[in-house]
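Heads up: the protein sequence lines correspond to chains Y and C, in order.
Under this note's numbering, residues 1 to 286 are what the first sequence spells out, in order.
Under this note's numbering, residues 1 to 247 are what the second sequence spells out, in order.
No residue lacks a Cβ here, since even glycine has one placed at the ideal position from N, Cα and C.
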Amino acid sequence: MHLMIKTEHLTKEYDSQKAVDDLDLQVDLGATFGFLGPNGAGKTTTIRILTTLTRPTSGRAWINGFDVVREATKVKGEFGVVQQHLSLNRELTVRENLDLHARLHHLDKAERSDRIDELLDYVDLLEYADHLIDMISGGMKRRVMIARALIHRPRLLILDEPTVGLDAQTRRRIWDLIRRMNSDGTTVFLTTHYIEEAEALCDRVGIIHQGHIISLGSPLELRRHLGLTTVELRNGGNNTEYRYFPDRTTAAKYVQTLPSSAENIVMRESNLEDVFVELTGRRVCE
Amino acid sequence: MIVMEAYAILWADLMVLKRRIGRYLTTTLISPVLYLVAFGWGLGRGISVDGASYFEFVVPGIIALTAMNSSFNGAGTRLNVDRLYFKSFDECLMAPISHLSLLLGKAMIGVVRGLISSIAFVMVALLISPTFSIGPLFLVSLLITCLAFAFLGVLAALLARSHEDMATFGSLILLPMTFLGGTFFSVSQVPAALKLVLYALPLTHSSMCLRAAALDQSFPWVSLLAVGCFWLVFFIGCTLVLKRASV
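Structure, rendered in structure tokens:
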């Protein structure tokens, strides 16, 4: 099977602290892959290595078969990236930002203006083309960044927290955009804090914790591994106990064994967030 | 290829400049004109230096310091903002272009701004006293001065970890040079020990070249070479820092 992203023993140390630790990752061509992990798990460092901004301490990584260190220039043509923070030149207009990116990717003049119009239409921003970046809303800025990442027709789109800080409507709009790009043949690699985002978009997710992958599979596979049904026991309001069962019948049997004094029992389908929390620990780590 | 890539980067900075050219021309002329009024007219009336009137002496010095400040800030401040504030410099680093193109492109806006500012000031000076000769040697000296300081600006911006770092760099390096770099007094007038220190400043050599060319004195080729060497050193510095930056 042809791989879009592959890493082998990828490690990055900062002052002997391992941000990424022996990471092995494989993302298939055409997949929508969700890269999940708590704060500081190594997601952004991994993206910085994949996008050639940071060099690994050891190990190797390839994008579409090109080594990110040795063939950096080729790699740069293979991916488009939407960074976590805003990275637009705010003293330029929407169109100028896209134009700069197109020039940096060696598109010629005629191709540039066609491609920019096409993408502005794709992200629904044609009428804002000549607005300065500071004049448009946060959701529009995010869409400009997506359009910019797509200009050179990359085969891989990397999105680092694509919907952070956006309202629900805008987020769904960006989800649709991501689905559309994927169905147009682009491999999508995204990190997110919103687990439901990964559940909604990704056919495969990898959970990273303290620098390495601790779980990998489709959202359903991961849920099945934990149990498809969750029972929540809310003890006195400030402490909730979670239990997982393969199906509703087993869960219901368990609920019947509980003392009749037990209140506030919720039985529901498990979700990816349950998997995430069980695997990475319940404590909030920073 | 390199030219096209560098131009792509310059293009973006030109668009920003175009949007504010009126404001830019006004603000860039304020400090050189103030220097001219305070030192050229106010202080220097009746003084003569090296056989020229102080006014004639000081104008090329002010041109040199204008070229220095505008090229340094033109390249340095833009890059600093792109890198630390807009974070759009990362996008350039992730584009399939060489580091050489990237550095050239980022420095060129400093050269453009430096040339615009100094030429605008030359025009003002010519209006007041049309005694200067603006020949090829003058223009070459001006261009090399702008190149050297634009790359120094890029170097400072690549090293800076904050906006304050840039201001610190300005106060520690540029401000002393503004006053000491052969701009307001002749280096030949100072004691030998200080002379040595002053010759270590790139601006001293720029002032000497620009002054000799503007006043038709014998041209200090060694100084032009010195400015060229500073340019080379700053350029190599940029290359090394950029290479180290991708860690």
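Starting from the C-beta of Ala226 (chain C), find all residues in its chain whose C-beta is less than 6 angstroms away, skip the five residues before and the five after it, and write them out in chain order. Here the set comprises His205.
Have a look at Y:Asp15, Y:Phe35 and Y:Val81 and flag the residue whose alpha-carbon is nearest the alpha-carbon of Ile151 (chain Y). Selected option, being the one with the closest Cα: Y:Val81.
In terms of alpha-carbon separation, which member of Y:Gly165, Y:Trp62 and Y:Pro219 lies closest to Gln26 (chain Y)? The shortest Cα separation from Gln26 (chain Y) among Y:Gly165, Y:Trp62 and Y:Pro219 belongs to Y:Trp62.
Got a sec: is the Cβ-Cβ distance from Leu97 (chain C) to anything in chain Y below 8 angstroms? First, the amino acid is wrong: residue 97 (chain C) is Ile here, not Leu. Yes, contact with chain Y.
Does the ligand MG have a heavy atom nearer than 7 angstroms to the CB of Phe184 (chain C)? In the structure on display, the ligand MG does not appear, and there are no ligands present to speak of.
Checking the sheet assignment: what are the DSSP bridge partners for Val27 (chain Y)? Beta-bridge pairing links Val27 (chain Y) to Y:Ile5.
Is it the case that the segment 91-111 of chain Y contacts the segment 36-44 of chain Y, given that we only count it when at least three CB pairs across the two stretches are under 8 angstroms? No: fewer than three Cβ pairs fall under 8 angstroms.
Same chain, Cβ closer than 7 angstroms to Leu228 (chain Y), five either side skipped, listed in chain order: Pro246, Asp247, Glu269 and Ser270.
On the premise that Leu53 (chain Y) lies in contact with Leu93 (chain C), defined as a C-beta separation below 8 angstroms, what is that separation, rounded to the nearest angstrom? Indeed they touch by this definition, with Cβ atoms about 6 angstroms apart.
Can the beta-carbon of Lys18 (chain Y) be found closer than 8 angstroms to that of Gly211 (chain Y)? Closer than 8 angstroms, so yes.
Listing by chain order, which chain Y residues have their CB less than 8 angstroms from the CB of Ala8 (chain C)? Residues of chain Y passing the Cβ test: Leu100, Arg103 and Leu104.
Below 7 angstroms on C-beta distance, what does Met16 (chain C) contact in chain Y? The residue asked about is misnamed: residue 16 (chain C) is Val in this sequence, not Met. Within 7 angstroms Cβ-Cβ: Glu91 and Leu92.
Apply the 10 Å Cβ neighbour rule to Thr51 (chain Y) and answer buried if 16 or more other Cβ atoms are within range, or exposed otherwise. In the assembly as shown, Thr51 (chain Y) is a buried residue. Its beta-carbon has 16 or more other beta-carbons within 10 Å.
Name the chain C residues that come within less than 9 angstroms of His131 (chain Y), Cβ to Cβ? Residues of chain C passing the Cβ test: none, with the nearest at roughly 13 angstroms.
What's the C-alpha gap between Ile178 (chain Y) and Leu159 (chain C)? The alpha-carbon separation between Ile178 (chain Y) and Leu159 (chain C) amounts to approximately 37 angstroms.
At a Cβ threshold of 8 angstroms, is Ser58 (chain Y) touching chain C? Ser58 (chain Y) is outside the set of residues whose beta carbon lies under 8 angstroms from a beta carbon in chain C.
For a quick check, are the C-beta atoms of Asp160 (chain Y) and Thr187 (chain Y) less than 8 angstroms apart? Remark: C-beta atoms of Asp160 (chain Y) and Thr187 (chain Y) do not approach each other more closely than 8 angstroms.
Gly165 (chain Y): contacting residues in chain C (beta-carbon distance under 7 angstroms): Those within 7 angstroms of Gly165 (chain Y) in chain C number zero; the least Cβ separation is about 15 angstroms.
For the segment 176-197 of chain Y, which residues have a CB atom closer than 8 angstroms to at least one CB atom of chain C, in sequence order? Answer set for the segment 176-197 of chain Y: empty.
Considering just the uninterrupted stretch of the alpha helix (DSSP H) at Tyr242 (chain Y), what are its terminal residues? For Tyr242 (chain Y), no alpha helix (DSSP H) segment is defined; the enclosing uninterrupted segment is the beta strand (DSSP E) at Asn239 to Phe245.
Anything in chain C within Cβ reach of Val85 (chain Y), meaning under 7 angstroms, just list it in chain order. The sequence as given places His at residue 85 (chain Y); Val does not occur at that position. Result: Lys87.
Any beta carbon from chain Y within less than 8 angstroms of Met166 (chain C)'s own beta carbon? Judged by the 8 angstroms Cβ criterion, Met166 (chain C) is not in contact with chain Y.
Could you tell me whether the segment 186-205 of chain C touches the segment 100-117 of chain C, where touching means 3 or more Cβ pairs closer than 8 angstroms? Between the segment 186-205 of chain C and the segment 100-117 of chain C there are fewer than three C-beta pairs closer than 8 angstroms, too few to call the two in contact.
For chain Y, is any of its Cβ atoms less than 8 angstroms away from the one on Glu56 (chain C)? So no, Glu56 (chain C) is outside the interface.
Interface flag, Val284 (chain Y) vs chain C, CB-CB below 8 angstroms: Reliability fails at Val284 (chain Y), whose pLDDT of 48 lies under 50, so the model's placement of it is uncertain and no value is given.
Please classify Arg204 (chain Y) as buried or exposed, where buried requires at least 16 other C-beta atoms within 10 Å of its C-beta. Counting of Cβ neighbours within 10 angstroms places Arg204 (chain Y) among the buried residues, the total reaching 16 or more.
Can you tell which of C:Leu79, C:Tyr7, C:Thr168 and C:Ser141 has its C-alpha closest to the C-alpha of Pro202 (chain C)? The candidate whose alpha carbon is nearest that of Pro202 (chain C) is C:Ser141.
Tell me, please, whether the CB atom of Thr44 (chain Y) is closer than 8 angstroms to any CB atom in chain C? Thr44 (chain Y) does not count as touching chain C.
Glu5 (chain C) bridges to which residues according to DSSP? According to DSSP, which records beta bridges pairwise, Glu5 (chain C) is partnered with nothing at all.
Measuring alpha carbon to alpha carbon, tell me which residue in Y:Gly34, Y:Thr57 and Y:Thr32 is nearest Lys12 (chain Y). Of the residues Y:Gly34, Y:Thr57 and Y:Thr32, the one whose Cα lies closest to the Cα of Lys12 (chain Y) is Y:Thr57.
What does Asp50 (chain C) reach in chain Y if we use C-beta pairs closer than 8 angstroms? Per Cβ cutoff of 8 angstroms: no residues; Asp50 (chain C) is ~44 angstroms from chain Y at best.
Identified DSSP bridge partners for Asn97 (chain Y): By DSSP's assignment, Asn97 (chain Y) forms no beta bridge with any residue.
Between Glu161 (chain Y) and chain C, is there a C-beta pair that is closer than 8 angstroms? Taking 8 angstroms as the CB threshold, Glu161 (chain Y) stays off the interface with chain C.
Taking 8 angstroms as the threshold (beta carbon to beta carbon), is Ala12 (chain C) in contact with chain Y? Interface residue, yes.
Does the CB of Pro32 (chain C) have a neighbour CB from chain Y at under 8 angstroms? When Cβ-Cβ separations below 8 angstroms define contact, Pro32 (chain C) makes no contact with chain Y.
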